[in-house]
Each structure stands twice: as structure tokens, then as C-alpha cells.
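Following the numbering used here, the numbering of the sequence shown begins with 45 at its first residue and continues without gaps. The structure under discussion appears below in the form of C-alpha cells.
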Amino acid sequence: MPAYFLDASALVKRYVTETGTPWMIGLLDPAARNRLYVARITGAEVTAALTRKERGGHLSAGAAASAIAAFQHDYANRLRPVEITAALIVEAMAAARTHGLRGYDAVQLAAALSANRRRVARQLAPLLFVTADISLLTAGITEGLMTDNPNSH
């Protein structure tokens, strides 16, 4: 079963029509049987991003409410959260310093690395780190993760 770690910049594309939306819809399709990891904070990040799109006039109130409801359903039922622990924050602080990442991006990278290490330790295939953020994508590559950008699809 393929495994993916989705950051907020990638996940938003599942709920709002943008470049990469069809690909993200396919990844989240239950029939694809993908294992989908997210950092626990992604719940707040995606909700905030969709709300900003509404307040910025890019989504109607109804479309934003529908998108947020669909996301919250997936978050509760489909996505596997990686918990934010003290150790993960220490790793995120190091990632922020090493790669010059913003705070939440550093947490996303640390969570992806943690999920990947757990998979590899259980002799499962490494996950694919999916982000539309170029700085985060570059940091993931530097850290040895397999990566993909939904904007390439």
C-alpha cells in the first residue's frame, strides 16, 4: 500500500480547484488504498488556508463551508496524524535552522521524517513527501525523502 505524507500546501489542493487538484483527489480516493500521513497541526493549517481564501474573495461562503466540512471529514476518518511531541519540536527547530524554514514548515518536515523513520523501522516502503512549497520540497530532498509536488501534475 503506497504511503504519502501530505503537507497543508498540497492538501488544500484536494478541496479547492488549483493546479494539482485532480492528482490530489486521486491520492485521497479511498479506492486507491493509500496510507496518508499528516502532521497534527495540518488540521489548523488547512482550515486557516481555506478561511483565508474565503475572506480574500477566492471562495464563496458556501464553497468554503463545503471545503472545510469535506476536509474535516477526511481529517477525522482518512488521514493519519503524526503527533507533535517535544522531540519532534526539537527536530523542527534544527530543521528551521538548517534549511531556513518557517516554523510550521519545519514542523511539517520533522513530522514527515518521523513518519518515514517509523515506516522504515517496520520494514515498510518509505513514504513520499508531498508539498507544493518549493523551500519545503528542497529541504525534504536534502533530508533524503522521496518527494513530489502536486503542481507538477
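Note that CB positions come from ideal geometry on N, CA and C, so glycine has one too.
query	result
Does the beta carbon of A138 sit closer than 9 Å to a beta carbon anywhere in chain B?	Included in the structure is just one protein chain, with no chain B present.
Note down, in chain order, each residue of its chain lying with its Cβ closer than 6 Å to the Cβ of K57, except the 5 sequence neighbours on either side.	G64, T65, M68, P194
For the stretch 75-85 and the stretch 118-128, state whether three or more C-beta atom pairs, one from each stretch, are separated by less than 8 Å.	yes
Please work out which residues of its chain come closer than 8 Å, Cβ to Cβ, to N160, disregarding the five sequence neighbours upstream and downstream, and give them in chain order.	F49, P170, L171, F173, L189
Please report the straight-line C-alpha distance between D192 and T186, rounded to a whole angstrom.	13 Å
I'd like the list of long-range same chain contacts for L180, defined as Cβ closer than 7 Å, with 5 residues on each side in sequence excluded.	D51, L145, D149, Q152, L153
Cutting at 8 Å between CB atoms, please list the residues of its own chain near S198, excluding the five before and the five after it.	The structure shown does not extend to residue 198, since the chain is modelled only from 45 through 197, so no value can be given for it.
With 16 as the cutoff for other CB atoms within 10 Å, does N78 come out buried or exposed?	buried
Among A130, M45, R96, G106, which residue has its Cα nearest to the Cα of L71?	M45
Let me make sure I understand the geometry here. Which of R99, A176, A75, H102 has the alpha-carbon closest to that of R122?	A75
Measuring straight from C-alpha to C-alpha, what distance separates A140 and Q116?	28 Å
State the Cα-Cα distance for the pair A147 and T95, rounded to the nearest angstrom.	Here residue 147 turns out to be Gly, not Ala, going by the sequence shown. C-alpha separation (whole angstroms): 20 Å.
Using 9 Å as the threshold, is the C-beta distance between T91 and H143 below it?	no
What is the DSSP secondary structure of L171, reduced to helix, strand or coil?	coil
Comparing alpha-carbon positions, which option in S110, E89, S196, I178 lies nearest Y59?	S110
Pull up the distance between the alpha-carbon of T175 and that of E62, whole angstroms please.	14 Å
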